[in-house]
Structure formats: C-alpha cells, structure tokens
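Residue numbers (the numbering used here), protein chains in the order written: chain P, 431 to 745; chain B, 431 to 745; chain Y, 431 to 745; chain Z, 431 to 745. C-beta: ideal position from N, C-alpha, C; glycine also. Report on one structure; see the data block that follows.
Number of protein chains: 4
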Amino acid sequence: VLMAETGHFAMLWQKMAEKLALEVEFLPGDWRRGADPDAIEKRLRADSEKRLKAVCVVHNETSTGVTSRIPELRKAIDAAKHPALFMVDTISSLASIDYRHDEWGVDVTVAGSQKGLMLPPGLSFNCISPGALQATKNARLPRSYWAWDEMIANGKSGYFPYTPATNLLYGLREALKMLLEEEGLDAVFARHQRHAEATRRAVRGWGLEVFALDPREYSASLTGVLMPAGHDADRARKVILEAFDLSLGTGLTKLGGKMFRIGHLGDFNDLMLMGTLAGVEMGLGLAGVPVKKEGVQAAMAYLAESRAQPKRAAA
Amino acid sequence: VLMAETGHFAMLWQKMAEKLALEVEFLPGDWRRGADPDAIEKRLRADSEKRLKAVCVVHNETSTGVTSRIPELRKAIDAAKHPALFMVDTISSLASIDYRHDEWGVDVTVAGSQKGLMLPPGLSFNCISPGALQATKNARLPRSYWAWDEMIANGKSGYFPYTPATNLLYGLREALKMLLEEEGLDAVFARHQRHAEATRRAVRGWGLEVFALDPREYSASLTGVLMPAGHDADRARKVILEAFDLSLGTGLTKLGGKMFRIGHLGDFNDLMLMGTLAGVEMGLGLAGVPVKKEGVQAAMAYLAESRAQPKRAAA
Amino acid sequence: VLMAETGHFAMLWQKMAEKLALEVEFLPGDWRRGADPDAIEKRLRADSEKRLKAVCVVHNETSTGVTSRIPELRKAIDAAKHPALFMVDTISSLASIDYRHDEWGVDVTVAGSQKGLMLPPGLSFNCISPGALQATKNARLPRSYWAWDEMIANGKSGYFPYTPATNLLYGLREALKMLLEEEGLDAVFARHQRHAEATRRAVRGWGLEVFALDPREYSASLTGVLMPAGHDADRARKVILEAFDLSLGTGLTKLGGKMFRIGHLGDFNDLMLMGTLAGVEMGLGLAGVPVKKEGVQAAMAYLAESRAQPKRAAA
Amino acid sequence: VLMAETGHFAMLWQKMAEKLALEVEFLPGDWRRGADPDAIEKRLRADSEKRLKAVCVVHNETSTGVTSRIPELRKAIDAAKHPALFMVDTISSLASIDYRHDEWGVDVTVAGSQKGLMLPPGLSFNCISPGALQATKNARLPRSYWAWDEMIANGKSGYFPYTPATNLLYGLREALKMLLEEEGLDAVFARHQRHAEATRRAVRGWGLEVFALDPREYSASLTGVLMPAGHDADRARKVILEAFDLSLGTGLTKLGGKMFRIGHLGDFNDLMLMGTLAGVEMGLGLAGVPVKKEGVQAAMAYLAESRAQPKRAAA
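So this is what it looks like as structure tokens:
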C-alpha cells in the first residue's frame, strides 16, 4: 500500500507493517502540509504494473493539526486511472470536521469512538465500499480486525460475533442523538471551525506560528503551535500542567519539543476554549517563553464578533 | 429575634416570620456592608428587658457578595452583656470561607449541601451550642426543623428519625474527603480567596465597581458587580446566557437590574474562572454595556503572578 | 383535625401536632384494618359545631401493609354532610397502587419521591383541591411547607421560590417516562398486585399470617407478616440481614418485635421478588423460627401460573 | 500450536488460525471433560522434531462449564520433556476460580475485564513468562496484540503506546480493591464454589443433568445443563427471557439446542442466584419441559445449611 506521509500517525503504519507482514511504501511529505494530490497521481501513474493495492491517508493528522483534502486526492487517483483502493483514517475528524465517505469515493474509512463521538475509547468503525468488500475476498494477508465477513453476517441480525462493548453502544446512541438531533451536524462542524479560527488568532496574538501552512488544510479539531527556537515545548507543557491542570498535546517523533497541540473537539464550547487559551497564555509566560499577551484578547474579539449574530449556537 | 439586614437572604426572615409566628426585628443596614458590630451592640444595650432572644446574621450574603465579621459581632454581643443567642447562616460560606463555630462563640450555625460542599441540594446542617440546646427546652414556638431532640437521640445510634437522603450522605463522605484530605481546608480557603481577588481585578479592569465596599468584607465565594447607570443587568445576563451558556446571578429585590453576581465557589479552578470572566467580558460587550476590555487581562496577570510560586495548588 | 389511627405513620401526626401547635384528635382504629368509614361518618355527625377542619388518612400504611378505602371514606364524609377537608397521605402508594385525587374527591394529597417514583428521597408533592386552597387563605396556623402561595406563584413561570433539587427533577422526568410511557400505569399497578399476591401465598406457605385482615385492604406495595408467638421478629430480621444481605422492615412502635415487613414496590420484578422470598424462607429457618418450607414454592406456582398468559409483563 | 479441544471457545482458534496464518492442530476431546493430560503427554512425546511450539488450553470453557486441570497439564508437558510453551485462556475464570500463573508454570495467560473482574468489556490482560518473552524475539508470525515489546517498554513509565481505556482502568482499580481488600480472593473463590454447588443441586432437583461429567472439573463460574431429549433448549431460553427477563447462555455450535448455561460469577450473591434459579424452574415449566419442581428447594437447603456457620460471607 501507498501511505501518504503526513505526520506521526501516518508513520505508525510502519509499525503495523512490521507486525502484520504488510508491505508499505511511504510517499514523502511535508508534515506541515496534507497529502499532495499531484505527488500521489504521479506515483500511481508510475505504477504501470498496478502493484499498489491501496492509497492510505490520514484525514486529520492528530499529531500536527493538518488535514488532507480528500476529494482532491480521489480526483488524483482517478486521473491516474489506477485501481488502488482509497483508505482514510478519520479518527480525529469524524463528527468534528465534514467528511463524506460515499460522496468523496472512499473505499475504507476508519474511525474511533474517543474523539468527536465524545465516548471513551473502545469502539472503532469501518465504513467499506463494495469494491473494498470485493477485494477482501481474494486477499491473502493475515488479518483479524479487517476480516469483516463475520461482523457483516452477525450484524444482519443485530448481533456481534464476540462480546460487544454494550455500554459504549448505549453511549453511542446518546452521542448520535446529541450530534444529529440536538445540535445538528452542520452546527457541530461550524462550532469546531469557529473554535479553530479563534485558536489560530490566539496563536498569532502570542506572536507564534500555527503549524499548518495551508489555510485549506487547517484542522478544526486541534491546532499545532510551533515553539520559538530555543524553547522546549515539553518543558512549557509541564509548567502549564502543573500550574493550571491543563494537559496539552506533545510534539510527536521528529516534532518532539518543537511544538505543542491545543485540542478543541467534541463536547466543547466557547468558554471552555477561553479557559484553555488563558491557561496556555498564562503558562507560556510562567515558563519564560517570550510571547505577547495578546492571544486571549484576539480570540475573545473573534468569538464575540462571530457571536454577534442573532442565532444562539448550541450550548 | 434581631436580624441584621445585610441583603435579600437576611430579609427572607420576614417571610419565615410571617409563616411561623416568629417575631423578627430588622436592624437596618447598608447592603454594601456586613452587619455592623456597633449598631448591634447599641441595640442590645437598649434592650434592658432582654426581650431579644437571638441575634441572627448571614455570614456571606449570597445576594451581594458581602461577608459579616462574625468574631467582631460576637464581641459586640458580649460587650453589651446580653444573653441573646448568636445564630449564623453559612449557606454560601461553609467550606469556602474560613468559619469557626466554637472558636467564634456562635450558638447556632446553619449550612446546606449545595454550595461549598459541592453536593446537590437536599441536606442541611445545624451546629448547636449547649446554650442553644438549653434554650430549646423551654421554647414554645412551633417548630419542626429546629426540633433537634429527635435528631440528636437517633443520631447517637447512627440513625435518622425519618427517611434519610442516603445517596447525599455518601456524596458528603466523598466531598469531605476531597476537602479535608485531598486538598486540605487551608488550601481550599486560599483558592477561593485567590479567585475572588482575580475576579475583583477583572471587575475593575472593566471599569466597573465591586458591590462590597469594605475589603474586610469581600466574599471569597461570589462577587457582586454594579452595573453602570442606565444599563439593565438582567438584560446583560440574558445576552450572556444566550451567547455563552453562562448563567450569572441576578440582583435580588431592591438590587434588581442594578447588579449581577459572579459565583466562584466549590469545585472550581483557575481556568474555569477564566472561562467565566471571558464570558462576562465578551457578553457585556455584546450587550452594549460600555466596559473596557481589560478585565480578563488583569485577572490573568494576577493568577499567573500568584501562581509563580513553587507549590502547585490543587487541581 | 381528625386523624384515623391506622398505624405508626398515622400516629406520627401526634408529633407534628406537638411541634406545630396543631390540634389533632385520633379516631381509634384496629391497626390490622384500614380507616373505618362508619366510624368516621359517626364522628363527623357528632361534630355539630363543625370544629373538625380536616379528616386525615394514610392511604397505604407503610408500617402495616394495610390500605384504607379512600372512595368509601369520601362517601362517609359526604353522608355526614360535614365540610371538613379530606387529606390523604400516599407516600407508599403513589405510582404503585391505583389512586385518584380528583375522582375520589380528595382535598389534599401528599406524596414523596422515594417509593413508587423510584427516586432518592428529596422531593415531596402536594395535590390541592380548590376547596383546600380557599381554606388556606383564612388559616392562621403557622406553616411553611403548606404555605403553597409562593410555590404556585413561582410555578407559573416554571421556577421555584428557593433552591430546587434540580437533579431529582431530571430523575422525576425519567421516572414518569418509565411509568407512563414505557410500562404504563395500569401495568405498573397490576405488577404490584401480582407481587403482593405471590408474597401472601408465600406467607401462608410458611404457615404464617398476613397482618392485614381484610382482603379489600391488602397493600400492593408491602406485606406485613405476623411472627409466631414467642419469636422475636427483630432477631430474625438480623439473622436474615447478616446471612443474606436482605433488609426487611421492622415492626414499629406497638408492633415492635411482633411482625416484619416485606417490601415489593418500585423498580421490581418477579425474580427480585423470588430472591427476596427465598431470603426470608432460608433466613427464618436459620433463625430457628418454626416455618414450613413451602412459601417459595407457593409463590413460584402463582407467578408461573399468572405468567402463563400470552402477554409479556414489563421487565 | 496444539490446541486441546474442550468446547466452542477452544474451537475459535480455528478461525484465528485462518485469519492469522497460524498452524493449529486440535487434540480431539470430549466436550463434557477438560483437556486430557495423558493425551497431551502422548501427543507431545510423538513430536520428536519438536514442531509444536505451544500447548493451548482454555481454563474454564465458557461454552460448557467445564474446567481443565492446569497443574496436571503442566506435569504432562514436563513428563514429555517437550519445550512447547504452555498457554492458558482464563477469560471466564480469572478472579472467580483459583488460578496461579507462576506456581502452575504457565507461559502465557490471557484474561479479559468483562467476567470475574466485573467491568465492561474493553481490557484484556496477558501474563507472560520469561520463556514466552524469549520466544517472541525470534517469532516471525505477523502479530499485533501479542507484540508485547511496545507495551512493556511504555508500561515502565506508566504509559500506553496507544490510546488507553482510561475509564476502565479506574474501574479496574476499584474492582481490584473489592476483590483483594473488601472481600478477599479466598472468600471470592469460596463464594463462587458455593453458588456452583447450589446450582448443581438445583439441576439435579429438576431431574436434569449437569453437563460436566467429572466433579474435579466442575466450573465455579457457570453451569451447563443438558436438556431432556426432544426438548429444544433455545425455545425454553426464549420462554424464560420473555416471561422473566432472564437471559441464559445458549448451547454453542454442536451443542445448539441441546443445553443451556446458568452463569453465577462476578458481583453476585445468594439471593441473586435464587432469583435466577427460580426463573429457570418457573420458565422450564412454562415451556413445557418435564422437570420436577424441586430444584429451587434443593438449592435453598444447601445455601441455608452452608450459611449456618458463624461467619458472614461478603454481601
């Protein structure tokens, strides 16, 4: 399979490959950008023997706060006239950022319960196209989770082949009701976009740099922040945790110490975001990181201005 | 009984008096100040026939954010050489603001579960001096809650005379463990004082006035804020609730529309306070109230500075 | 007021009377029977000066498992052409045993959250007739709970005059949904009747006597059981609690040691009842009480036979 | 690997084998008996080339209620002087039936959270001997769960390589406290043994047959019950579920319709067991299965008799 290198979580396929005898080719990428449609098209065109069986992409890199433009990647595969399956990891985007499995022509979508679905970890989801189902029939690679036949056969009568996490299924029913009925998916996506924009304004207010470079690829569920040179992000994270009980995401693998991440997804509202940004602003100061104290102010200005509309956003 | 008029909740005794055939005399007071020791001493000296049976005070007026100085009031009663019982309502101060029933010579302390004890409403507590117990033996006023004999008799064997709220008693055990063992009462009180000071700095940063006039009487559990003349506090509260899902306390009875209240008690930390203050600052702006956007900044400066100590406060 | 003496809870009015300066006259009664319509009619006819202001009855005596026949008591009051208000305590019957405030011509119904409504204690309910509301306007007795004006005035806008037990109100909403929508009140009542009948068959299977004498007055929510002479009910209760973690009700006041009570109300099903009855049968044996080991068998025979209908009862 | 065929769950290794390219040889067995030490010794002796890498056994077959005698199986492997690893599935025995990984010389023990540990499903546990760890270093089979290196490396600092089920870890801490401190493991095991014996007496009281043939192999956590010839177990299970909301285990694969299973493990006490057995006895009658109505009585006799000791078992 061809894996677009976009960050730490994409690179985890390397480990999976080692463990499961899977052959993975990484398409080199800039971690500050999403997967590159042109590079993918070019690589697929070069694969005249059609040895690549799948193109894999992480929709929203949790390690960087960069999204990939899925519809454009689909177009790239089509333009190359390549039969590879298109597989997308939506762990940290599903139910937080707009995503369309069918409409965007994805073959396998993978998701989890513990981010936008607001549940504890313990459920994962596969959405599978007819083409992927067909491919699995001839596949010879050892597999367990991706052996869908049993799940599909049992699911027809509402059962699971093994012990199901019943309590999480009740939680899922409630979460879906909150997302689809009480707030509405469009409002959920708009809320996340708004909080992401407020966070970016705070980052710039501090005089820092948002990790993602292309505005089309800004994540709505988390924001990566580059540390000023010479300052260790993990030391600042530790100060913030100890002073304000606020746990920020660390920079992973090659980004270790160079950036931190602010999450703003799930059951989250304006004032929880302001508490978060205040904790970062105060904590960076306590850690001796040279930042301007204008981030919280900038975020508040944006939130208030964008709230000065008639409609009340979901609480 | 002599009731020191310090705010709405003190005035509720009027209703209780009507219902329960209790004779109440109100000692006039300025709602922006706590009960006045000199006035109480003077009134008691004037009561040569000792007709006043009790002096009642609200320790922390929830309607105003003003505390009364209980030890000084005790001294005033003693100075007047008057036998009246001293009764104190600690509903919104117990476990948030330092309070000492025995040391301060209080006869009856009344408290509830739903504030500093972090529980749902449903439990109330009476702490009773030997003098008060003695007085109840000869009292002829009809009473139910204050008929302590049954509770005391049953309590000796760990029972209640009627159906107890068992679930709240389990909650209480946990709350006491959090307060006394995990955080420690001194740290709890210091945390509330710190949040109150940060709130007052925010109020002044907005160019508004803290309702309480005497710094010795500032409440650590809530802060009353005066609105600028010509602006309706309840309209602003409504805007804030709708825009940010933040519910502020209203001005009660004669303060209606003239002030609002910011609560900062119980299971509360720095970033919850910053979320709250950000909601007020943004919301006052949305409501068209002419405030300076310097309150959040002032609160952050104070919180960060006072956190720049080695020790980590409880999370 | 005239209070029909039917058991311990009726007698508690004596305490209330002492505390609240209420004048109570008890109409003597046999605790193994409900309130006697003829005796009430006779007493009211004798009250030519109409000094009795209310007739009070406990619908389901929790201390004995005996119900009073409310519609017949109403007829007795009417027959006596007496203007006394009719007040009924439904603490342990509401939502377990059929009860009709309006249809049965009751003036004040009192209920609580902690029995048939399946909630923790903390809410109580008053249902008030226009006549009772009118009477309260001229009443001079000191009162607090029964001072309904404030509650009614605030309730119009959905508020409470004081701190409400919000969490219990959410619980109540859910409980009402379970009772009215999911199971249906008729099914709830039938379930309780069925469990009560199974319990009585168990009692007779043990060779013991049901406390209630008149089948029209059997309680559907609990069953009182007479101990054989010479055996202490409380000792047996202690053995059962220690051996099987099953807590039975004690005999109250004059019934102390002479009877015990088996509760079967609220969120309760056939197998919970069978567990309960098995605990009693085993425990009485362990305590050396001479009972036949035929109670559980008799209850199972009845439950199975009455279940051998097509319809599935609520789980 | 050599898998001792003891029931449905042992046979699931066939599926795993298909999926993961694992070579599994089943040692034929009688499902009504545990794994046979002699047969294992014989098979291992025949493996002169030491091609068998592991001997796998299910400690407590959840599908039958039969346990295997682990210490005797270890002796059999030792007697054969064979280097195969010894792997044991304790899913439905851990924390319900005595089990000793080190003392019994097991190399890999597998367990889950959802049975004796009284938690929702979502955690699994591997206990690994130094020999197993060594073997994994050279193993070339693709694997994910059994790739322990990352878990061990991360675990040293208290972390997980991937998103942990934090809420279940809190639950585990509480469950362990209940098992080890509050009740004590010995009392837990004794409680399960006692409930199993009571259940077997009920089965015989009904005139039915316990599925397990060898008393040394009776399961303490569930009991399999053979249906009389000509009666469908699944039809009876359906009647019992609908009449009494009691869900019994079904017969799996080749036992379908021929038996049912009564679980008695985890957070379970005497009266819950009696409710369960009463449901089975009543339900078998309703389903027209010809059973004697003497099972509940026999179980009660045993429970009462074995409780007639001074010590109170855990509630």
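Asn699, Asp700, Leu701, Met702, Leu703, Met704, Gly705, Thr706, Leu707, Ala708, Gly709, Glu711, Met712, Gly713, Gly715, Leu716: these are the residues of the stretch 693-722 of chain B whose beta carbon lies less than 9 Å from some beta carbon of chain P, given in chain order.
Distance check between Leu656/Z and each of Val719/Z, Met608/Z, Gly705/Z, Leu602/Z places Val719/Z closest, using alpha-carbon atoms only. Secondary structure remark: continuous alpha helix (DSSP H) runs of at least 4 residues inside the stretch 496-571 of chain Z, in chain order: 500-509, 560-568. Secondary structure at Leu606/B: helix, using DSSP grouped into helix, strand and coil.
A check of alpha carbon separations from Lys688/B across Leu563/B, Arg504/B, Ala659/B identifies Ala659/B as the nearest.
Thr653/Z carries a strand assignment under DSSP once its states are collapsed to helix, strand and coil. Annotation for Ala717/P: Ala666, Val669 place their beta carbon closer than 6 Å to its own, counting only its chain and skipping 5 residues before and after. In terms of Cβ geometry, Arg621/Z and Asn699/Z form a close pair [threshold 9 Å]. Here the stretch 538-549 of chain B lies against the stretch 690-699 of chain B, with 3 or more beta-carbon pairs under 8 Å apart.
Relative to the Cα of Glu453/B, the nearest Cα in the group Lys505/B, Ala650/B, Val431/B belongs to Val431/B.
Under a criterion of Cβ atoms nearer than 7 Å, the residues of chain P adjacent to Ala595/Z are, in order, Pro550, Pro551, Gly552. A distance of 9 Å or more separates the beta carbons of Leu599/P and Trp578/P. Under a criterion of Cβ atoms nearer than 8 Å, the residues of chain Z adjacent to Met730/Y are, in order, Ala708, Glu711, Met712, Lys723, Val726. With the criterion set as a beta carbon lying under 7 Å from some beta carbon of chain Y, the members of the stretch 661-676 of chain Z are Glu672, Ala673, Phe674, Asp675, Leu676, in sequence order. For Asn584/Y, the three-state secondary structure derived from DSSP is helix. In the displayed model, Thr436/Y falls within coil according to three-state DSSP, outside both helix and strand. Of all residues in the stretch 432-460 of chain B, the ones placed with a Cβ closer than 7 Å to any Cβ belonging to chain Y are Lys449, Leu450, Ala451, in chain order. For the stretch 527-547 of chain Y, the set of residues with a beta-carbon nearer than 7 Å to any beta-carbon of chain Z is empty.
Taking a beta-carbon distance threshold of 9 Å, Ala738/P counts as an interface residue toward chain B. Of the candidates Ala525/Z, Ala484/Z, Val536/Z, the residue whose Cα lies closest to the Cα of His512/Z is Ala484/Z. Restricted to the stretch 689-728 of chain Y, the beta strand (DSSP E) segments that are unbroken, complete and at least 3 residues in length are 689-693, listed in chain order.
Counting every other CB atom within 10 Å of its CB across the protein chains shown gives Ala476/Y a total below 16, marking it as exposed.
Counting along the chain, Val669/Z sits inside the alpha helix (DSSP H) bounded by residues 663-674. Interface criterion met: the Cβ of Leu733/Z is under 9 Å from a Cβ in chain Y. Three or more beta-carbon pairs drawn from the stretch 464-471 of chain B and the stretch 498-508 of chain B are found closer than 8 Å, and the two stretches are therefore classed as touching.
Under DSSP, Val618/B takes part in no beta bridge, so it has no partner. A residue is called buried once 16 or more other Cβ atoms fall within 10 Å of its Cβ, and Tyr732/P is buried on that count. In the structure shown, the three-state DSSP call for Leu474/Z is helix. Neighbourhood of Arg573/Z in chain P, by CB distance below 7 Å: Lys449, in chain order. By the C-beta criterion, the stretch 484-502 of chain P is judged to be in contact with the stretch 637-650 of chain P, since at least 3 inter-stretch pairs fall below 8 Å. Counting the other Cβ atoms within 10 Å of the Cβ of Thr520/Y gives 16 or more, which makes it buried. Between Gly552/B and Ala595/Y, the C-beta gap is smaller than 9 Å, which places the two residues in contact. At least one C-beta of chain B is nearer than 9 Å to the C-beta of Leu598/Y. Listed along chain Z are Lys445, Glu448, Lys449, each with a C-beta nearer than 9 Å to that of Ala577/P. Under a 10 Å Cβ-count criterion, Leu606/Y is classified as exposed, with fewer than 16 other Cβ atoms of the shown protein chains found around its own Cβ.
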